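Peer 1:
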Amino acid sequence: MSSWRVSQASSPTESSGNRYKPQEAEWSRSRRYNSNLQSLIGQNGNDILYQEGVMKSLHQLARRQALTGLAMPRVLSSQNIAASRTWQRAFSASSAAASQLPDLDASKLTITKTTTPKEPMDSKDLVFGKYFTDHMLSVEWTATDGWHAPRIVPYQNLSLDPATCVFHYAFECFEGMKAYKDSTGGIRLFRPNKNMERLNKSSARIALPTVDGDALTKIIGEFVKLDSRFIPDARGYSLYLRPTMIGTQKTLGVGPPGSALLYVIASPVGPYYPTGFKAISLEATDYAVRAWPGGVGDKKLGANYAPCILPQLEAASRGFQQNLWLFGEEEYVTEVGTMNLFIALKNKETGQKELITAPLDGTILEGVTRDSVLTLARERLGPKGWNISERKIRMSEVAEASEEGRLIEVFGAGTAAIVSPVRNISYRGKMVECGLKEDEEAGEIALQMKNWIEGIQYGDEKNPWSVVI
């Protein structure tokens with residue numbers, strides 16, 4: 001067992017370790033490292049210092065390619081890499097050095113408790129993302145030293161230079177997960193390994209460092225236990241956790257950040273539907289594109305969210321709660337707002353019931369709730385004759401199924417609500433009804449999924465997805 005070091009701070013600013021000051025990566029070749037790789041290779045092939053810097057970049061790119069599935073750029077071909085024996089030796093040496101950088105070490109966690117604790121909000125007054133707990137988790141990373149010792153400190157502002165790269169080039173990714181209090185007072189996380197996997201895929205895609213997911217889960221658990229009094233003792237309430245990673249290097253140069261900060265903050269939240277389900281109306285959106293194959297729409301990047309706000313406001317002005325994002329001339333159904341979408345219908349030829357969601361082709365986020373719904377559906381609906389599909393489906397097919405009475409129900413799936421039933425979809429000037437009766441707010445499958453997943457989250461059902469901390 002690790003021994004956590006705990007100290008007491010008189011205020012969030014009295015201890016010099018409490019106010020975050022990003023450390024600059026002290027690279028002797030930082031200018032070269034941040035230069036365009038093609039220029040480096042083409043103009044500096046005989047410079048050993050350049051070769052070592054580029055090789056370090058190549059090693060990091062290769063690691064990120066393994067995580068993200070992206071092809072290496074043409075400029076990084078084997079012909080270029082094998083330009084000289086010196087080049088090859090530099091690659092081997094830099095690869096070994098990069099692999100030896102320290103990863104996150106949970107045993108080095110230190111805890112500085114606040115001396116001005118807040119009173120938890122009354123559960124009826126909770127608003128999503130508005131109130132925060134007393135502490136935060138913070139870990140720095142530099143390209144020279146790897147991951148530094150993790151710290152839990154009083155909740156506080158960050159101090160960042162105006163030239164910090166996250167402000168200019170969107171080096172930022174995040175996760176959304178929750179901690180739950182079960183009937184015995186135990187604290188649980190729901191499938192944290194999936195969040196860690198996705199965080200690493202996101203960070204690797206934008207040249208930020210990856211992290212040991214097990215170690216991060218462990219220290220998040222310590223953070224949650226410290227602030228567990230903010231989790232209300234009632235079903236439907238939880239502690240929303242926001243792990244975030246940002247590039248912190250002070251530079252206007254475009255290149256992989258030489259320093260980064262991983263931090264986690266927590267906000268107590270109530271039920272998404274406090275008075276019961278309320279089915280939403282969607283506007284099928286084809287005039288704006290949220291994601292495309294080869295892009296970054298399947299990663300949880302902050303840069304994916306701001307461009308969606310204007311279309312959402314436009315849909316809201318016409319009376320719709322969310323956008324249903326369509327893709328391509330075929331108008332394939334992808335996601336709804338910030339949730340994955342599920343469509344239950346009867347097959348036109350066979351009459352078999354089918355639960356459909358879009359495939360992981362780069363146009364949708366790899367949702368943890370999505371994967372949970374798919375897994376439970378295959379285990380519990382499959383034996384009852386349902387066909388569970390990850391496939392493309394055109395919006396015109398959904399409209400046709402509705403017109404023919406074959407559309408059973410439609411719902412979104414995500415961390416915030418678990419499931420969000422859909423009443424209708426505006427498509428090409430017509431309203432596509434999604435199977436709900438006038439006095440219904442949710443279909444049978446959506447209700448089952450909410451109950452099944454919630455039962456696991458709160459520990460009612462024993463399941464390895466629910467991790468006790």
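Anchor point for the sequence shown: position 16 equals 16 in UniProt numbering, and the numbering is continuous, going up by one each time.
Beta carbons: idealized from backbone N, C-alpha and C, even for Gly.
All figures in this text were calculated on a predicted structure; none of them were measured in a lab.
Rounded to the nearest angstrom, how far is the Cβ of Gly435 from that of Val419, given a contact under 8 Å?
Peer 2: On the sequence shown, position 435 is the one that residue 435 refers to. On the sequence shown, position 419 is the one that residue 419 refers to. 14 Å between Cβ atoms; not a contact.
Peer 1: With burial defined as no fewer than 16 other Cβ atoms inside 10 Å of the residue's Cβ, what is the status of residue 487: buried or exposed?
Peer 2: Residue 487 falls outside the range modelled here, since the chain spans only 1 to 469, and no answer is possible.
Peer 1: Using the Cα positions of Ala163 and Asp298, report the straight-line distance between them to the nearest angstrom.
Peer 2: Start at 1 with the first residue of the sequence shown, and residue 163 comes out as number 163. Start at 1 with the first residue of the sequence shown, and residue 298 comes out as number 298. Spanning the two alpha carbons is a distance of roughly 28 Å.
Peer 1: Leaving aside the five residues before and after His148 along the sequence, list all residues of the same chain whose C-beta is less than 6 Å from its C-beta, in chain order.
Peer 2: Here residue 148 is taken as the residue at index 148 of the sequence shown, counted from 1. Only Glu140 meet the Cβ criterion.
Peer 1: Can you round the beta-carbon distance between Phe320 and Ser396 to whole angstroms, since I take them to be within the 8 Å contact cut?
Peer 2: The count along the sequence shown starts at 1 and reaches residue 320 at position 320. The count along the sequence shown starts at 1 and reaches residue 396 at position 396. That belief does not hold up - the Cβ atoms of Phe320 and Ser396 are roughly 19 Å apart, past 8 Å.
Peer 1: Quick one, which of Leu101, His135, Ser372 has its alpha-carbon nearest Asn448's?
Peer 2: Stepping through the sequence shown from its first residue, residue 448 is reached at position 448. One detail in the question is off: residue 448 reads as Gln in this sequence, not Asn. For the residues Leu101, His135, Ser372, the minimum Cα distance to Gln448 belongs to Ser372.
Peer 1: Is Ala143 helix, strand or coil by DSSP?
Peer 2: Numbered from 1 along the sequence shown, position 143 holds the residue referred to as residue 143. Three-state result, Ala143: coil.
Peer 1: Quick one: Cα of His168 to Cα of Pro257, how far?
Peer 2: Mapped onto the sequence shown, residue 168 falls at position 168. Mapped onto the sequence shown, residue 257 falls at position 257. Going from the Cα of His168 to the Cα of Pro257 covers about 12 Å.
Peer 1: Could you pull out every unbroken alpha helix (DSSP H) segment of at least 4 residues lying fully inside the stretch 142 to 176, listed in chain order?
Peer 2: For the stretch 142 to 176, whole alpha helix (DSSP H) runs of length 4 or above, ordered along the chain, are 165 to 169.
Peer 1: For Glu26, count neighbouring Cβ atoms within 10 angstroms of its own Cβ and tell me buried if that reaches 16, exposed if not.
Peer 2: Here the question's residue 26 lines up with position 26 in the sequence shown. Note on Glu26: pLDDT 35, under 50, position unreliable in the model; the coordinate value appears next. When all chains shown are included, Glu26 counts as exposed.
Peer 1: Does the Cβ of Pro311 have 16 or more other Cβ atoms within 10 Å, making it buried, or fewer, making it exposed?
Peer 2: In the sequence shown, the residue the question calls residue 311 occupies position 311. Buried, by the Cβ-count rule.
Peer 1: Quick check on Ile309: buried or exposed, where buried means 16 or more other Cβ atoms within 10 Å of its Cβ?
Peer 2: Position 309 of the sequence shown, counting from 1, holds the residue named residue 309. Classification of Ile309: exposed, given that the 10 Å Cβ count is below 16.
Peer 1: Alpha helix (DSSP H) containing Leu104: first to last residue?
Peer 2: For this step, residue 104 is matched to residue 104 along the sequence shown. Note, Leu104: premise wrong, no alpha helix (DSSP H); not H, not E.
Peer 1: Would you kindly work out how many angstroms separate the C-alpha atoms of Gln352 and Glu433, rounded to a whole number?
Peer 2: Numbered from 1 along the sequence shown, position 352 holds the residue referred to as residue 352. Numbered from 1 along the sequence shown, position 433 holds the residue referred to as residue 433. Distance between the alpha carbons of Gln352 and Glu433 is about 20 Å.
Peer 1: Could you tell me whether any non-hydrogen atom of the ligand ATP is closer than 8 Å to the CB of Glu175?
Peer 2: Annotation note on the ligand ATP: not contained in the displayed structure, which lists no ligands.
Peer 1: Report the residue from Gly186, Lys348, Pro359, Tyr305 whose alpha carbon sits nearest the alpha carbon of Phe327.
Peer 2: Here residue 327 is taken as the residue at index 327 of the sequence shown, counted from 1. Of the listed residues, the one whose Cα sits closest to Phe327 is Pro359.
Peer 1: So, is Ala234 buried or exposed, given that buried needs 16 or more other C-beta atoms within 10 angstroms?
Peer 2: What you label residue 234 is simply residue 234 of the sequence shown in a count that begins at 1. By the 10 Å Cβ count, Ala234 comes out exposed.
Peer 1: For the stretch 213 to 282, which segments carrying the alpha helix (DSSP H) assignment without a break, of at least 4 residues, lie completely within its bounds, in sequence order?
Peer 2: Counting whole runs of 4 or more residues, the stretch 213 to 282 contains the alpha helix (DSSP H) stretches 213 to 226.
Peer 1: CA-CA distance, Gln457 and Thr251?
Peer 2: Here residue 457 refers to the residue found at position 457 when the sequence shown is read from its first residue. Here residue 251 refers to the residue found at position 251 when the sequence shown is read from its first residue. Using only the alpha carbons, I get a separation of about 43 Å.
Peer 1: Considering only their Cβ atoms, is the gap separating Cys173 from Ile152 smaller than 9 Å?
Peer 2: Walking along the sequence shown from the start, residue 152 turns up at place 152. Walking along the sequence shown from the start, residue 173 turns up at place 173. No; because the gap between Cβ atoms is not below 9 Å, this pair is not in contact.
Peer 1: In its own chain, which residues sit with a C-beta less than 7 Å from the C-beta of Asp361, not counting the 5 before and 5 after it?
Peer 2: Along the sequence shown, one-based indexing puts residue 361 at 361. Contacts found: Pro293.
Peer 1: When the Cβ atoms of the stretch 124 to 135 are set against those of the stretch 217 to 235, are three or more pairs found closer than 8 Å?
Peer 2: These segments touch.
Peer 1: Taking all protein chains shown into account, decide if Thr217 is buried (16 or more other Cβ within 10 angstroms of its Cβ) or exposed.
Peer 2: Locating residue 217 in the sequence shown gives position 217, where the first residue counts as 1. Buried is the call here.
Peer 1: Is it buried or exposed for Gln100, if we count other Cβ within 10 angstroms and need 16 for buried?
Peer 2: In the sequence shown, the residue the question calls residue 100 occupies position 100. Classification of Gln100: exposed, given that the 10 Å Cβ count is below 16.
Peer 1: Using 8 Å for Cβ pairs, my map puts Ala315 next to Thr285. What's the rounded Cβ distance?
Peer 2: Reading the sequence shown from its first residue, position 315 is the one you call residue 315. Reading the sequence shown from its first residue, position 285 is the one you call residue 285. With a Cβ gap of about 7 Å, Ala315 and Thr285 count as contacting.
Peer 1: I need the boundaries of the beta strand (DSSP E) containing Lys346, first residue and last residue.
Peer 2: Along the sequence shown, one-based indexing puts residue 346 at 346. It spans 339 to 346 - the beta strand (DSSP E) in which Lys346 sits, taken as one unbroken run.
Peer 1: Helix, strand or coil: which one does DSSP assign to Gln322?
Peer 2: Locating residue 322 in the sequence shown gives position 322, where the first residue counts as 1. Gln322: strand per DSSP, three-state reduction.
Peer 1: I'd like to check one pair, Thr338 with Gly213: are the Cβ atoms closer than 9 Å?
Peer 2: For the purposes of this step, residue 213 is taken as the residue at position 213 of the sequence shown. For the purposes of this step, residue 338 is taken as the residue at position 338 of the sequence shown. No. Outside cutoff.
Peer 1: Find out if the Cβ-Cβ distance for the pair Ser267, Gly367 is shorter than 9 Å.
Peer 2: Here residue 267 is taken as the residue at index 267 of the sequence shown, counted from 1. Here residue 367 is taken as the residue at index 367 of the sequence shown, counted from 1. Not closer than 9 Å, so no.
Peer 1: Can you check whether the CB of Leu109 is closer than 9 Å to the CB of Ile219?
Peer 2: Here the question's residue 219 lines up with position 219 in the sequence shown. Here the question's residue 109 lines up with position 109 in the sequence shown. It is a contact, given that the beta carbons lie within the stated cut-off.
Peer 1: Provide the residue span of the alpha helix (DSSP H) that contains Ile309, from first to last.
Peer 2: Locating residue 309 in the sequence shown gives position 309, counting from the first residue. 306 to 317 is the span of the alpha helix (DSSP H), which, as asked, contains Ile309.
Peer 1: Would the beta-carbon of residue 509 fall within 9 Å of that of Ala279?
Peer 2: In the structure as shown, the chain begins at 1 and stops at 469. Residue 509 is therefore absent and cannot be evaluated.
Peer 1: Can you find the residues in the same chain that come closer than 8 Å, C-beta to C-beta, to Ala215, ignoring five residues on each side of it along the sequence?
Peer 2: Residue numbering aside, residue 215 sits at position 215 when the sequence shown is read from its first letter. Closer than 8 Å at the Cβ level, and outside the excluded window around Ala215, lie Asp103, Leu104, Asp105, Ala106.
Peer 1: Secondary structure at Asn424, three-state DSSP: helix, strand or coil?
Peer 2: To locate residue 424, count along the sequence shown from 1; it is residue 424. Of the three classes helix, strand and coil, the one that applies to Asn424 here is strand, per DSSP.
Peer 1: So, under 8 Å CB-CB, Gly236 and Gly270 are touching, yes? Tell me the CB distance rounded to an integer number of Å.
Peer 2: As a first step, residue 236 must be located in the sequence shown, where it is residue number 236. As a first step, residue 270 must be located in the sequence shown, where it is residue number 270. With 8 Å as the limit, Gly236 and Gly270 qualify as a contact, their Cβ atoms being about 7 Å apart.
Peer 1: Taking the alpha-carbon of Met121 as reference, which of Ala179, Ile231, Ser159, Asp161 has the nearest alpha-carbon?
Peer 2: The residue you call residue 121 lines up with position 121 of the sequence shown. Of the candidates Ala179, Ile231, Ser159, Asp161, the one whose C-alpha sits nearest the C-alpha of Met121 is Ile231.
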